[in-house]
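Undergrad: Sequence order for the protein chains is A and B. The first sequence begins at 35 in this note's numbering and counts up by one. The second sequence begins at 35 in this note's numbering and counts up by one.
2 protein chains.
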Amino acid sequence: MTLDRRALLGGMTGAALLAPYFALEKAMAQTAGSHTNHPPAAGSPMLLYPGFTALDLVGPHYFFACLFGAKVHLVTTQSDLAPVASDLGLAISPTVTLDNTPADLDVLFFPGGTQGTMDVMRSDRTMAWVKDHASRAKHITSVCTGSMILGKAGLLKGKRATSHWATFPVLEDFGAIPTNQRVVKDGNILTGAGVSAGLDFAIALTEQLRGRDYAEALVLQAEYAPEPPIVAGSMAAASAPVGNMMGQMFAPVADQFRALAKS
Amino acid sequence: MTLDRRALLGGMTGAALLAPYFALEKAMAQTAGSHTNHPPAAGSPMLLYPGFTALDLVGPHYFFACLFGAKVHLVTTQSDLAPVASDLGLAISPTVTLDNTPADLDVLFFPGGTQGTMDVMRSDRTMAWVKDHASRAKHITSVCTGSMILGKAGLLKGKRATSHWATFPVLEDFGAIPTNQRVVKDGNILTGAGVSAGLDFAIALTEQLRGRDYAEALVLQAEYAPEPPIVAGSMAAASAPVGNMMGQMFAPVADQFRALAKS
């Protein structure tokens, strides 16, 4: 704990913002009993596709990008490196195309969406990429309806998994065992529930990869001590009028995903 | 509740993803006693600057972009519309430059960061924009160290406000009244705590702008029922070794922000 942390931070510039994580890693390595005996991380691809839900991806990205040595690849399904627009119009720049994704990979991640996610599931080219990379990934992961992509790739057969509440029952159509938890682990598959569950998912994964102390440090850095001003984040907690309306609104989306399980 | 919701959704394409919100708005308008008697929203600028923390912005963006009629402007401090890189290397495309921001505005929002945030505070040009737009905004808001920008603009004098835990005490240097809550409202100024507090902040603002039912629907859609796998999101909750290490790590950052309060 008497590191060159201050020296690192003293010279910190915008580009050197990751210095704290290097210091953190060093400190962790010096802490007896910490879980830092891991090999250097391979690349971790996160899939960017038109119509993805940005928050599904950016929550986990915060944690993935803070893992010392991790190389996060933002992989676009588009043919070039143009920014990829989310369902709500937020465009994020990819770092690599499907064809140029490095072969060696660690964590494979899929955000959710609605029509955009279905377009991924309908694309033979993208689904071939999903299956190929899943066969080599150490961890196969998703948040929200990203689990529909895993299902379509045949990765959830007989596996416990979760999804956004709207598509949770559809998991069964892909042969999965719908498991009503915020984050569900089955072997090397880790799935998170809808949208904001990406934070809980990423913390669980960070703990799995780097141990409790490291994960705890990132939780503190993200000041993740949620206090929802409105408790309505599940059908059980929502008021009946709002729950009914939203249930009706999303029913056609579930039907469309279900149809893709049959095709 | 017998709307043309299914018709809207039946024809839903990637580009028409916002249809549910139109249906939601209509449904809300038909619900007696709901708070939908609001004027069409003006534009809501969110500031993008090199080194911003992406999660500070993308959490609130999810809610802002789901407000019927809202026009979210992603305003870049750079001279052109090139993607703006976050502190962790996630680049988001802006929609407008400082000079071309529409004059009429509703919610003005600032995400946090570290060195990038300090660069904003050192820029006469950007700070002139902040002061000008704050003088006309209906709501002046921030998440994380975004409150340092508000402080530098002189907007927090005598006001209750919050910030990331690392810079929370620095609020006093700007004449603010540091208030240890997840989300703090003082007049038309709404500040959120660090990073992940952007979700709680945005829900509080949504309720303020559109009423309880509307906010509840978005909370359910985002499945915001957090279950942190590790409870360590505040100094009080973190273990002593992690808390001490992180406190030391961020102390120089607080010092640098404090110096900017004097300059």
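For each residue, glycine too, the CB sits at the ideal point set by N, CA and C.
(1) Among A:L184, A:A249, A:L254, whose alpha-carbon lies nearest the alpha-carbon of A:N222?
(2) Could you check the C-alpha separation between B:K165 and B:F208 for me, to the nearest Å?
(3) In three-state DSSP terms, what is B:P84?
(4) Helix, strand or coil for B:A200, going by three-state DSSP, please let me know.
(5) Mind pulling the chain B residues with CB within less than 7 Å of A:S273?
(6) Does the segment 280-288 of chain B come within contact of the segment 264-273 of chain A, defined as at least 3 CB pairs closer than 8 Å?
(7) For the candidate residues A:T135, A:Q255, A:M279, A:K105, whose alpha-carbon lies nearest to that of A:S113?
(8) Helix or strand or just coil, what does DSSP make of A:G12?
(9) In three-state DSSP terms, what is A:P79?
(10) Give me the Cα-Cα distance between A:A104 and A:R246, rounded to the nearest whole angstrom.
(11) Figure out for me which residue from B:A137, B:G281, B:L89 has the closest Cα to the Cα of B:F202.
(12) Pick helix, strand or coil for A:Y55, following the three-state DSSP scheme.
(13) Out of A:G228, A:A259, A:K186, A:F144, which one is the CA nearest neighbour of A:E206?
(14) Which same chain residues, not among the five before or five after B:G180, have their C-beta less than 6 Å away from its C-beta?
(15) Could you tell me which of A:F102, A:R156, A:P128, A:L122 sits nearest to A:L82, measuring between CA atoms?
(16) For A:M161, decide whether its Cβ has a neighbour in chain B, counting only Cβ atoms nearer than 8 Å.
(17) With DSSP run on the structure shown, which of helix, strand or coil describes B:S176?
(18) Going by DSSP, what residue range makes up the alpha helix (DSSP H) through A:L252?
(19) Which word fits A:A116, buried or exposed, when buried means at least 16 other C-beta atoms lie within 10 angstroms of its C-beta?
(20) Compare the Cα-Cα distances from B:I126 to each of A:L108, A:L142, A:L139 and report the closest residue.
(21) Compute the Euclidean distance between the alpha carbons of A:R292 and B:L252, then round it to the nearest angstrom.
(22) Can you tell me which of the three DSSP states B:A270 falls into?
(23) Rounded to a whole number of angstroms, what is the C-alpha to C-alpha distance between A:E250 and A:I237?
(24) Give the residues of chain A in contact with B:A231, contact being defined as C-beta atoms less than 7 Å apart.
(25) Give me the residue from A:Q242, A:G228, A:G150 with the minimum Cα distance to A:D220.
(26) Since A:D220 is in the beta strand (DSSP E), which residue starts that stretch and which ends it?
(27) With distances taken between CB atoms, is the gap from A:G228 to A:G93 smaller than 8 Å?
(28) What I want to know is whether the C-beta of B:D234 ends up closer than 7 Å to one or more non-hydrogen atoms of the ligand ZN.
TA: In short, the structure shows the following:
(1) A:L184
(2) 15 Å
(3) coil
(4) coil
(5) E250
(6) no
(7) A:T135
(8) Lying before the first or after the last residue shown, residue 12 of chain A is absent from chain A, which here runs from 35 to 297.
(9) strand
(10) 17 Å
(11) B:G281
(12) With a pLDDT of 49 at A:Y55, under the threshold of 50, the modelled position of that residue is not reliable, and the figure given next carries that caveat. It is helical.
(13) A:K186
(14) F144, P145, G146
(15) A:P128
(16) no
(17) strand
(18) 246-255
(19) exposed
(20) A:L108
(21) 24 Å
(22) coil
(23) 8 Å
(24) E257
(25) A:Q242
(26) 217-220
(27) no
(28) For the structure depicted, the ligand ZN is absent and the ligand set is empty, with no information on it obtainable.
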